[in-house]
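Under the numbering used here, think of the first position of the sequence shown as 88, with each following residue one higher.
Only one structure is covered here, and it is reproduced in the block below.
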Amino acid sequence: MSKEQARQDAEFAIVIESAKDSRLADATGAFSKVFNLDGKVAEQILKSAPIVFLSKLSKQDMRVLKPKLVELSNHGIEFRLTARPADRVPKVNWPIRPSFGTGDGGSLVTTVSFIWDNNAFVCPGCGETFVFRRVGKPKPAVGAAAVVAAAAKAAPAPA
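Structure (structure tokens):
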């Protein structure tokens with residue numbers, strides 16, 4: 088593996104080093120808003136610093152999250168971005184990895200259901216994973232229905 092390939096494949100982590108106690112309420116509000124978290128969850132994460140907030144991030148993930156981290160740094164939260172394993176630091180365990188880079192609109196997600204049926208697609212261009220879900224019952228194509236009907240008429244009767 089070349090050095091360039093190793094850089095592309097590197098996994099990063101965001102460690103919350105500390106949150107200033109004097110600005111904890113302000114930091115909690117900003118943190119919960121930026122990452123669309125419940126206020127109590129955000130406060131618990133900040134009070135648990137140092138803690139690995141997100142791990143196994145790609146270079147693209149880091150590019151997307153950087154402006155948000157800069158904004159939060161102005162609210163008194165100190166971050167460390169690292170490519171080194173942070174095994175000795177406690178970490179936030181996400182049951183399902185959140186998609187923090189997809190925008191700041193929408194409502195707070197409280198439950199997630201996912202039925203795996205081999206319906207995922209990984210974009211070869213950006214590496215993003217998409218899950219397809221059937222919305223309704225598909226209607227058979229007119230041509231396909233005619234072929235099935237013709238085949239049934241042409242089939243010899245069993246003896």
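All C-beta atoms, glycine included, are put in the ideal place defined by N, C-alpha and C.
Proximity below 8 Å, CB of residue i to CB of residue j
i, j, result
"residue 170", "residue 104", "no"
"residue 163", "residue 125", "no"
"residue 139", "residue 178", "yes"
"residue 100", "residue 145", "no"
"residue 155", "residue 121", "yes"
Strand pairing of residue i, partner residues [DSSP]
i, result
"residue 141", "101"
"residue 171", "Bridge partners of residue 171: none, in fact."
"residue 117", "Note: residue 117 sits in no beta bridge, so no partner."
"residue 165", "105"
"residue 178", "139"
Cβ-based neighbour list, residue i, same chain, cut-off 7 Å, excluding 5 preceding and 5 following
i, result
"residue 200", "Note that residue 200 has pLDDT 46, beneath the 50 cutoff, so the model's placement of it is unreliable and the number below is only indicative. If we look at residue 200 and ignore the five residues flanking it on each side, it has no Cβ neighbours."
"residue 167", "102, 104"
"residue 165", "104, 105"
"residue 110", "162, 163"
"residue 173", "100, 102, 139"
"residue 119", "125, 126, 129"
Straight-line gap, residue i to residue j (C-alpha atoms, nearest Å)
i, j, result
"residue 175", "residue 135", "14 Å"
"residue 123", "residue 116", "10 Å"
"residue 132", "residue 108", "13 Å"
"residue 149", "residue 130", "23 Å"
"residue 158", "residue 180", "24 Å"
"residue 137", "residue 128", "15 Å"
"residue 153", "residue 211", "24 Å"
Same chain, Cβ closer than 8 Å to residue i, neighbours up to 5 away in sequence not counted
i, result
"residue 160", "166"
Chain-order list of residues whose beta-carbon lies under 6 Å from that of residue i (same chain, five-residue window excluded)
i, result
"residue 224", "none"
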